[in-house]
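Asker: Have a look at this one.
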Amino acid sequence: MSTGAAGFLERYDSVLNALPGDSALRAAAADAFRTVGLPGGTRGRPIEAWKYTSLRALAETKFHRDAAPRHEAETILANLPLLDAPRIVFVDGVLRADLSVMLAPSVMPGAGPASTPSSAFSVARFADQADFGTLTWPDREPMVALNTMLAEDGAILHVPAGHDAGIVQLISIATSDADFHPRHTIRLGENARLALVEIAAGQGAYLLNTVAEIHVADGAALTHVRLQNEAAMAFHVSTTYADVQAGGTYDSFTLNIGARLCRTEVHAQLSGAGAAAHLNAAQLLVGSQHGDFTSVVSHTAPNCQSRQTVKNVLAGRSRGVFQGRIEVARGAQKTDGYQMNQALLLSPHAEIDTKPELEIFADDVKCSHGATVGELDADQMFYLRSRGVPEAEARAILVRAFLTEALDAVTDETIRAWLENAVAGWWEKLAA
Amino acid sequence: MLEIRGLAAAINEKPILKGIDLTVPDGEVHAIMGPNGSGKSTLGYVLSGREDYAVTAGSATFNGIDLLDMEPEARAAAGLFLAFQAPIELPGVNNANFLRTALNAIRRSRGESELDAVQFLKLARAEAKRLAMPDDMLKRNVNVGFSGGEKKRNEVLQMALLRPKLAILDETDSGLDIDALKIVADGVNALRGPEFSALVITHHQRLLDHLVPNRVHVLLNGQIVRSGGPELAKELEKRGYGDLIAEAA
Chain A
1 MSTGAAGFLE RYDSVLNALP GDSALRAAAA DAFRTVGLPG GTRGRPIEAW
51 KYTSLRALAE TKFHRDAAPR HEAETILANL PLLDAPRIVF VDGVLRADLS
101 VMLAPSVMPG AGPASTPSSA FSVARFADQA DFGTLTWPDR EPMVALNTML
151 AEDGAILHVP AGHDAGIVQL ISIATSDADF HPRHTIRLGE NARLALVEIA
201 AGQGAYLLNT VAEIHVADGA ALTHVRLQNE AAMAFHVSTT YADVQAGGTY
251 DSFTLNIGAR LCRTEVHAQL SGAGAAAHLN AAQLLVGSQH GDFTSVVSHT
301 APNCQSRQTV KNVLAGRSRG VFQGRIEVAR GAQKTDGYQM NQALLLSPHA
351 EIDTKPELEI FADDVKCSHG ATVGELDADQ MFYLRSRGVP EAEARAILVR
401 AFLTEALDAV TDETIRAWLE NAVAGWWEKL AA
Chain B
1 MLEIRGLAAA INEKPILKGI DLTVPDGEVH AIMGPNGSGK STLGYVLSGR
51 EDYAVTAGSA TFNGIDLLDM EPEARAAAGL FLAFQAPIEL PGVNNANFLR
101 TALNAIRRSR GESELDAVQF LKLARAEAKR LAMPDDMLKR NVNVGFSGGE
151 KKRNEVLQMA LLRPKLAILD ETDSGLDIDA LKIVADGVNA LRGPEFSALV
201 ITHHQRLLDH LVPNRVHVLL NGQIVRSGGP ELAKELEKRG YGDLIAEAA
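These protein sequence lines are chains A and B, in that order.
Mapping of the first sequence onto full-length UniProt numbering: position 21 corresponds to residue 21, and the numbering continues sequentially without gaps.
Mapping of the second sequence onto full-length UniProt numbering: position 214 corresponds to residue 214, and the numbering continues sequentially without gaps.
As structure tokens, this is what we get:
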């Protein structure tokens, strides 16, 4: 089997008859992917949206789709920082009901009971009822085209109007050197609430290429927290489309720690008056890791608010990328948009690339953006050390302080504490 | 306690200290006075291990151990404390967490057990009360949004909690009103004893009324040009440094 775009297209040709859902949509995605290729790959065309992130290494990696799992999913799962809440577990891109913990056995046969009962949501499988939604543009996003072409499974999570589903965990575990393309759909009915906690982890040299489509109806609120802690040799690409209706909130926080290359791309559309989107993130990178957080916020209705605080802590020869675009449509008056990207460089060899873009077609708006790059403050380090705090601990305190503004935006205390543990764990690994 | 011999130091290759000799015996409080730019703060920084100062000659020993070879945190663990002239702000760092981290780091190095949050807060609240600090100063970020006087009191609070053997107070009195000055002096006096010494850097006689020194030294252009008893401070207050500067020239 070939590597790169050709390899993925060959696979598509061999499995297309077995794939669920709209075959015409898949064929269109395959055409788009054939034309565009992998960004940075030898046959790929240069794409502005991928200016700072090249997938050449991915294009040169051989993925063995039919390889037997080399690692135990159960062991990896047991080592994850799980919350005491329902969980939907995917292993190598396929739903594993036996590892999932749910309340509604009729929805997911074989899943265990949850310790915190919840009947406020339902889950279906993409494999059973392929739902490609309406929010994606595979012709503009090659990795979304690739996902649309090859997606086999995913979760279709629905919270009916007026229900509060509490916390639900969506977990991806990779156990073999293959490529996975999960396709998730999250729908919140009017005034519904959900805290979706995603964890991505695994072992091996794999590709996880997720697409999620999120619909937040009037007055609904989705908290979306993600911990990306993939294997050191893994590629992680995740594209999220969120559509937020009037008075609804999409409040997200992404913590990128793992993978050799990670691209988190979020498209948030504020399409009803008074909608809000918070796209906060922290990237903690070491060695030669590459982490890219790219966002597009479209204000298409009046009186909407968007907030983005993205913090990068970069050690070794790591490279962080932040691209943030705020689009304000003609009728989106009283838009309030804010974007801040900050980088803390812990090494002279680390690098950050920042590209903010504002595209404003309304005349009564408030939009601002800013970016800072710095090192640890020598005065602050000396102050802490002069109080007896060892150097490594002093650094950890200042890095944690740097992340505070982004982490404090996570209002759920359980989830914030959980994220802080992940940050502390990252730091301990770095110091070791 | 502290023995300084021929100490010379430079920053960016510019000599600041030019051969300091100073001995602070156990249990004594010594004052360092002198005009701006004479090297007073530099002496405090060099003794506590700030990295941007290069020691070019001389020695400093603390209870017989070579101070200049040690990392700043090791000096703190050995019992040295510097109250900063301009305390550093730490946005995003809670003051109580900062104080507990520092105290537990020092306690670990002394082989003592660490204090948990409850034990620590009890202790910190008691000390804060003695310094007439409002409780909410423990909840705020370190020195962020503190007034000048609050910052200085926060330094004295750290000293009270860490219980150093040698405290260097770098103009801890500047920016304080009379009441605050007395509280700070009382904070230092409370620690006085045969195993505590202090080096008090100040511009004013005022602090020394409340914190009576055993010796007063005048630092001028990187050297100690005169030493004497507490009466020297009174004399300087009256006559200024003019005569000494003329003598040195």
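Ideal placement from N, C-alpha and C gives every residue a C-beta, glycine not left out.
What residues match up with residue 338 of chain A in a beta bridge as DSSP calls it?
Answerer: Here residue 338 of chain A corresponds to residue number 338 of the first sequence, with the count starting at 1. In DSSP, residue 338 of chain A forms a bridge with A:307 and A:368.
Asker: Is DSSP giving residue 386 of chain A helix, strand or coil here?
Answerer: Taking the first sequence and counting its residues from 1, the one referred to as residue 386 of chain A is at position 386. Helix at residue 386 of chain A.
Asker: Hey, how far is the Cα of residue 53 of chain B from the Cα of residue 47 of chain B?
Answerer: Locating residue 53 of chain B in the second sequence gives position 53, where the first residue counts as 1. Locating residue 47 of chain B in the second sequence gives position 47, where the first residue counts as 1. Rounded to the nearest angstrom, the two C-alpha atoms are 10 angstroms apart.
Asker: For residue 210 of chain B, which residues in the same chain have their Cβ closer than 6 angstroms to its Cβ, ignoring the five residues on either side in sequence?
Answerer: Position 210 of the second sequence, counted from the start, is the residue given in the question as residue 210 of chain B. The residues are 182 and 185.
Asker: Pick from A:96, A:51 and A:89: whose alpha carbon is nearest that of residue 197 of chain A?
Answerer: In the first sequence, counting from the first residue as 1, residue 197 of chain A sits at position 197. Measuring from the Cα of residue 197 of chain A, the nearest candidate turns out to be A:89.
Asker: Which one or two residues does DSSP pair with residue 356 of chain A in a beta bridge?
Answerer: Residue numbering aside, residue 356 of chain A sits at position 356 when the first sequence is read from its first letter. Paired residues: A:324.
Asker: List, in order along the chain, the chain A residues whose C-beta lies closer than 7 angstroms to that of residue 158 of chain B?
Answerer: For this step, residue 158 of chain B is matched to residue 158 along the second sequence. By Cβ distance, chain A contributes 387.
Asker: According to DSSP, what are the bridge partners of residue 186 of chain A?
Answerer: Taking the first sequence and counting its residues from 1, the one referred to as residue 186 of chain A is at position 186. According to DSSP, which records beta bridges pairwise, residue 186 of chain A is partnered with A:157 and A:214.
Asker: Using a Cβ-Cβ cut-off of 7 angstroms (strictly less than) and excluding sequence neighbours within five positions of residue 234 of chain B, which residues of its own chain qualify?
Answerer: By one-based count along the second sequence, residue 234 of chain B stands at place 234. Taken in chain order, the residues that qualify are 205.
Asker: With the cut-off set at 8 angstroms, would you say residue 61 of chain B and residue 3 of chain B are in Cβ contact?
Answerer: On the second sequence, residue 61 of chain B is found 61 positions in, with the first residue counted as 1. On the second sequence, residue 3 of chain B is found 3 positions in, with the first residue counted as 1. Yes, they are a contact pair.
Asker: Just reading off the beta strand (DSSP E) that residue 413 of chain A is part of, what are its end residues?
Answerer: Counting from 1 along the first sequence, the entry for residue 413 of chain A is found at position 413. From DSSP, residue 413 of chain A is part of no beta strand (DSSP E) but of the alpha helix (DSSP H) over 413-431.
Asker: For a test of the three-state rule: what should DSSP assign to residue 124 of chain A, helix, strand or coil?
Answerer: In the first sequence, counting from the first residue as 1, residue 124 of chain A sits at position 124. DSSP places residue 124 of chain A in strand when its eight states are reduced to three.
Asker: Give a yes or no on whether the C-beta atoms belonging to residue 158 of chain B and residue 121 of chain B are separated by under 8 angstroms.
Answerer: Within the second sequence, numbered from 1, the residue matching residue 158 of chain B stands at position 158. Within the second sequence, numbered from 1, the residue matching residue 121 of chain B stands at position 121. No, Cβ-Cβ distance for residue 158 of chain B and residue 121 of chain B is not below 8 angstroms.
Asker: Please list, in chain order, the chain B residues whose beta carbon lies closer than 9 angstroms to that of residue 391 of chain A.
Answerer: Numbered from its first residue, the first sequence carries residue 391 of chain A at position 391. Per Cβ cutoff of 9 angstroms: 71, 72 and 73.
Asker: Let me check one thing: in DSSP terms, what residues is residue 251 of chain A bridge-paired to?
Answerer: Translated into positions along the first sequence, residue 251 of chain A becomes position 251. Paired residues: A:223 and A:278.
Asker: Within the 8 angstroms Cβ cut-off, does residue 309 of chain A reach chain B?
Answerer: Within the first sequence, numbered from 1, the residue matching residue 309 of chain A stands at position 309. So, not an interface residue.
Asker: Between which residues of its own chain and residue 167 of chain A is the CB-CB distance below 7 angstroms, once the five residues before and five after are set aside?
Answerer: As a working note, residue 167 of chain A is residue 167 in the first sequence. So the qualifying residues of the chain are 83, 85, 195 and 197.
Asker: Tell me which residues share the same chain as residue 167 of chain B and place their Cβ nearer than 6 angstroms to its Cβ, disregarding the 5 neighbours each side in the sequence.
Answerer: Position 167 of the second sequence holds residue 167 of chain B. Closer than 6 angstroms at Cβ, skipping near neighbours: 81, 159 and 198.
Asker: Which of the three DSSP states, helix, strand or coil, is assigned to residue 205 of chain A?
Answerer: As a working mapping, residue 205 of chain A is identified with position 205 in the first sequence. Residue 205 of chain A: coil per DSSP, three-state reduction.
Asker: Which same chain residues, not among the five before or five after residue 106 of chain A, have their C-beta less than 7 angstroms away from its C-beta?
Answerer: Here residue 106 of chain A is taken as the residue at index 106 of the first sequence, counted from 1. Any reading at residue 106 of chain A needs caution, since the residue's pLDDT is 43, under 50, leaving its predicted position unreliable; the model's value is listed next. Around residue 106 of chain A: no qualifying Cβ.
Asker: Indicate, with yes or no, if the ligand SAH has a heavy atom lying under 7 angstroms from the CB of residue 64 of chain B.
Answerer: Absence of the ligand SAH from the depicted structure is noted, as is the absence of any ligand whatsoever, leaving it without description.
Asker: I need the DSSP call for residue 245 of chain A, collapsed to helix, strand or coil.
Answerer: Residue 245 of chain A sits at position 245 when you count from the first residue of the first sequence. Note: residue 245 of chain A maps to coil in three-state DSSP.
Asker: Would you kindly work out how many angstroms separate the C-alpha atoms of residue 396 of chain A and residue 114 of chain B, rounded to a whole number?
Answerer: The sequence position of residue 396 of chain A within the first sequence is 396, counting from 1. The sequence position of residue 114 of chain B within the second sequence is 114, counting from 1. About 19 angstroms.
Asker: Taking only beta-carbon positions, decide if residue 153 of chain B is within less than 8 angstroms of chain A.
Answerer: Taking the first residue of the second sequence as position 1, residue 153 of chain B is located at position 153. No, because no Cβ of chain A sits closer than 8 angstroms to the Cβ of residue 153 of chain B.
Asker: Over the uninterrupted beta strand (DSSP E) stretch that includes residue 92 of chain B, give me the two end residues.
Answerer: Translated into the one-based positions of the second sequence, residue 92 of chain B becomes position 92. Where residue 92 of chain B is concerned, the enclosing beta strand (DSSP E) stretches over 90-94.
Asker: Below 8 angstroms on the Cβ atoms is my contact criterion, and I expect residue 292 of chain A with residue 263 of chain A to pass it. Report the Cβ-Cβ distance as a whole number of Å.
Answerer: Counting from one through the first sequence, the residue named residue 292 of chain A turns up at place 292. Counting from one through the first sequence, the residue named residue 263 of chain A turns up at place 263. Rounded, the Cβ-Cβ distance is 4 angstroms, consistent with contact.
Asker: Within 10 Å of its beta-carbon, does residue 172 of chain A have 16 or more other beta-carbons around it, so buried, or fewer, so exposed?
Answerer: Here residue 172 of chain A refers to the residue found at position 172 of the first sequence. Label assigned to residue 172 of chain A: buried.
Asker: Let me see if you follow: with CB-CB separation under 8 angstroms, is residue 198 of chain B close to chain A or not?
Answerer: Position 198 of the second sequence holds residue 198 of chain B. No, residue 198 of chain B lies away from the interface with chain A (no Cβ there is under 8 angstroms from its Cβ).
Asker: Which one of B:248, B:224 and B:76 has the shortest CA to CA distance from residue 201 of chain B?
Answerer: Counting from 1 along the second sequence, the entry for residue 201 of chain B is found at position 201. Among B:248, B:224 and B:76, the Cα nearest to that of residue 201 of chain B belongs to B:224.
Asker: For residue 72 of chain A, which residues in the same chain have their Cβ closer than 6 angstroms to its Cβ, ignoring the five residues on either side in sequence?
Answerer: As a first step, residue 72 of chain A must be located in the first sequence, where it is residue number 72. Taken in chain order, the list of residues that qualify is empty.
Asker: How many Å lie between residue 78 of chain A and residue 258 of chain A at the Cα?
Answerer: Your numbering for residue 78 of chain A matches position 78 in the first sequence. Your numbering for residue 258 of chain A matches position 258 in the first sequence. Taking the straight line joining both Cα atoms gives about 18 angstroms.
Asker: To the nearest whole angstrom, what separates the beta carbons of residue 207 of chain A and residue 235 of chain A, a pair I think is in contact under 8 angstroms?
Answerer: Start at 1 with the first residue of the first sequence, and residue 207 of chain A comes out as number 207. Start at 1 with the first residue of the first sequence, and residue 235 of chain A comes out as number 235. Right, their Cβ atoms sit about 4 angstroms apart.
Asker: So residue 5 of chain B is in the beta strand (DSSP E); what residue range does that whole segment cover?
Answerer: The residue you call residue 5 of chain B lines up with position 5 of the second sequence. Start and end: 2-11.
Asker: Considering residue 244 of chain B, what are the terminal residues of the alpha helix (DSSP H) in which it resides?
Answerer: Position 244 of the second sequence, counting from 1, holds the residue named residue 244 of chain B. Element bounds for residue 244 of chain B: 242-248.
Asker: If you count every other CB in all the chains shown that lies within 10 Å of the CB of residue 464 of chain A, and 16 or more means buried, which is it?
Answerer: Not covered by the structure: residue 464 of chain A. The range shown for chain A is 1 to 432.
Asker: Excluding five sequence neighbours on each side, which residues of the same chain lie with their C-beta closer than 6 angstroms to the C-beta of residue 228 of chain B?
Answerer: Within the second sequence, numbered from 1, the residue matching residue 228 of chain B stands at position 228. Around residue 228 of chain B: 216.
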